[in-house]
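A short write-up of the structure that comes next.
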Amino acid sequence: MGSRMRLTHQQTAERRLHHALKEPRLSQCQDCDAKHRRHTMCEECGRYKGRLVVDVAAQAQKKAERLARKARSYGEEVPTEGHTTTVEETTPEKKEVTPKTKKASPQEKGANVETKKEDK
Ligand SMILES: [Zn+2]
């Protein structure tokens, strides 16, 4: 490499001046007003120029079903179903507790409390 081919730091810096990435040019979706990449389907509604390319809602549903099946195969509780079951589990307990306390006489309550205290 001869001395003439050598670039100064300034020349290197000037060349690299144009290497920075530019912000992506975004367009607004005709249907849902979300921003999407140009000449590309809107990822919010799955449409391009008003034409339905991908049924996003159906895909999301399929994905949820797939995840649920996978979770069941591993013997885990499905997030949505698990949430409902926990709610169902908690509500009957409360229902059971409230009538017992209402039905239970004050003498029984006192006896229970005393036994608990004695145990401790
Ligand atoms: Zn859209």
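Residues are numbered in this note's numbering as their position in the sequence shown, beginning at 1, plus a constant of 1326. Just so it is clear, CB atoms sit at the ideal spot from N, CA and C, and this is done for glycine as well.
With a threshold of 6 Å on Cβ separation, who are the neighbours of residue i within its own chain once the five nearest residues in sequence on each side are excluded?
i, result
"Arg1364", "Arg1351 and Ser1353"
"Arg1358", "A small correction: the amino acid at residue 1358 is Cys; Arg does not occupy that position in the sequence shown. Cβ neighbours of Cys1358 beyond the five flanking positions: Glu1370 and Cys1371."
"Glu1402", "none"
"Arg1377", "none"
Check whether the Cβ atoms of residue i and residue j lie closer than 8 Å to each other.
i, j, result
"Gln1387", "Lys1375", "no"
Buried or exposed: residue i, going by 16 or more other Cβ atoms within 10 Å of its Cβ?
i, result
"His1345", "exposed"
Sorted by chain position, which residues of the same chain lie with C-beta nearer than 7 Å to residue i's C-beta, five sequence neighbours on each side aside?
i, result
"His1362", "Leu1352, Ser1353, Cys1355, Cys1368 and Glu1369"
"Val1382", "Cys1371 and Gly1372"
"Val1379", "Met1367, Gly1372 and Arg1373"
Using C-beta distances below 8 Å, list every residue in its chain close to residue i, excluding the 5 sequence neighbours before and after it, in chain order.
i, result
"Lys1348", "none"
Residue ranges of each beta strand (DSSP E) within the region 1345-1412, 3 or longer
List check, beta strand (DSSP E) in window: 1352-1354 and 1361-1363.
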